[in-house]
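Student: After the structure tokens below, expect a handful of questions from me.
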Amino acid sequence: MSSERLAKVLGYLATDAATRSTAVSSESACDAGVRLADVTGVQLTLMSGPDRGESRYATDEAGARLEELRFTLGEGPCADAFRTGVPVLAAELDTGRNHRHWPLFVPAALEIGVRAVFAFPLRSGAIRMGLLVLHRARPGPMTHEQMSDTQVLGDVILSLLLDELTRVQVENNTLLADMPLRRAEVHQATGMLSVQLGVSVEEALVRLRAHAFAEERPVIDVARDVVARRLRLTPEARPDPA
1 MSSERLAKVL GYLATDAATR STAVSSESAC DAGVRLADVT GVQLTLMSGP DRGESRYATD
61 EAGARLEELR FTLGEGPCAD AFRTGVPVLA AELDTGRNHR HWPLFVPAAL EIGVRAVFAF
121 PLRSGAIRMG LLVLHRARPG PMTHEQMSDT QVLGDVILSL LLDELTRVQV ENNTLLADMP
181 LRRAEVHQAT GMLSVQLGVS VEEALVRLRA HAFAEERPVI DVARDVVARR LRLTPEARPD
241 PA
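The C-terminal position of the sequence shown is numbered 242 in UniProt numbering, with every residue numbered one higher than the one before it.
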């Protein structure tokens, strides 16, 4: 990143935080990102794998729902951005190409009022550590200036977030491996289903997601039912989200 661009973004974050009488933090930077990139909302997720992550902050309900859709469906621009390690920009979700590429995600996102999604992977060197996801309630591309600012904003937010976590968590180099996740129930449920159904952990997660999608429930809620033995999936009963 250029020093000029970094100085611009840092100055914007500092001014925005001062205006709202708050300290600069990963959360305040997300709030400022709404205005910096002219979007409807911003969402931040810290991840150590495609199915292992935790939403850290969302500026609005739609942003929080987008992260739930990524985790539940395993598809969409957010999932693709983390998988590939490059930004995925869907300036107009409601196109035939996007409906074919993300057949579950697109209608679900449109239903919550999202018309454009811009997903940026957060990286530390070659390591993918999370996602910064911006969305708009109207279609339309980002300008080159907004794109450049957002990429720098992502680097700044990741630095702020890791600094915040380091102050309260774990030793160096074990942050992501040992970080307690609110979605621990999902991983426990996945392991239980793997044993019950005689399938791999990956296949068990697919089935858990499929059931959650078919029942229109959050994956976390279904996982809690599995862990509490209120719900038992059978080999024959496999709702298929595809």
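We put the beta carbon where it would ideally sit given N, CA and C, even for glycine.
Sorted by chain position, which residues of the same chain lie with C-beta nearer than 6 Å to R138's C-beta, five sequence neighbours on each side aside?
Tutor: Translated into the one-based positions of the sequence shown, residue 138 becomes position 138. Spatial neighbours of R138 in its own chain (CB-CB distance under 6 Å, excluding positions within 5 residues in sequence) are listed in chain order as R115.
Student: Comparing C-alpha positions only, which one of P50, M47 and Y57 sits nearest to G33?
Tutor: Along the sequence shown, read from residue 1 onward, the residue named residue 33 stands at position 33. Here the closest residue by C-alpha is Y57.
Student: Decide if H211 is buried, meaning its Cβ has at least 16 other Cβ atoms within 10 Å, or exposed.
Tutor: For the purposes of this step, residue 211 is taken as the residue at position 211 of the sequence shown. Within a 10 Å sphere around the beta-carbon of H211 sit 16 or more other beta-carbons, which makes this residue buried.
Student: Between L181 and the rest of its own chain, which residues show a CB-CB distance below 6 Å, the 5 nearest in sequence each way excluded?
Tutor: By 1-based counting over the sequence shown, the position of residue 181 is 181. For L181, the predicted model reports a pLDDT of 49, less than 50, meaning its position is unreliable; a value from the coordinates is still stated below. Here the set comprises E54.
Student: Using a Cβ-Cβ cut-off of 7 Å (strictly less than) and excluding sequence neighbours within five positions of R83, which residues of its own chain qualify?
Tutor: Indexing the sequence shown from 1 puts residue 83 at position 83. Sequence-distant partners of R83 (beyond 5 residues in either direction) whose C-beta falls short of 7 Å from its own C-beta, in its chain, are P50.
Student: If we ignore side chains and look at the alpha-carbon of each, how far apart do V206 and M47 end up?
Tutor: Against the sequence shown, residue 206 aligns to sequence position 206. Against the sequence shown, residue 47 aligns to sequence position 47. Rounded to whole angstroms, V206 to M47 spans 19 Å at the Cα level.
Student: Can we say the segment 97–117 touches the segment 130–150, given the rule of at least three CB pairs closer than 8 Å?
Tutor: Result yes; three or more Cβ-Cβ pairs closer than 8 Å.
Student: Please confirm if the segment 219–239 is in contact with the segment 189–200, defined as three or more CB-CB distances below 8 Å between the two stretches.
Tutor: yes
Student: Contact between the segment 2–10 and the segment 146–160: three or more CB pairs below 8 Å?
Tutor: yes
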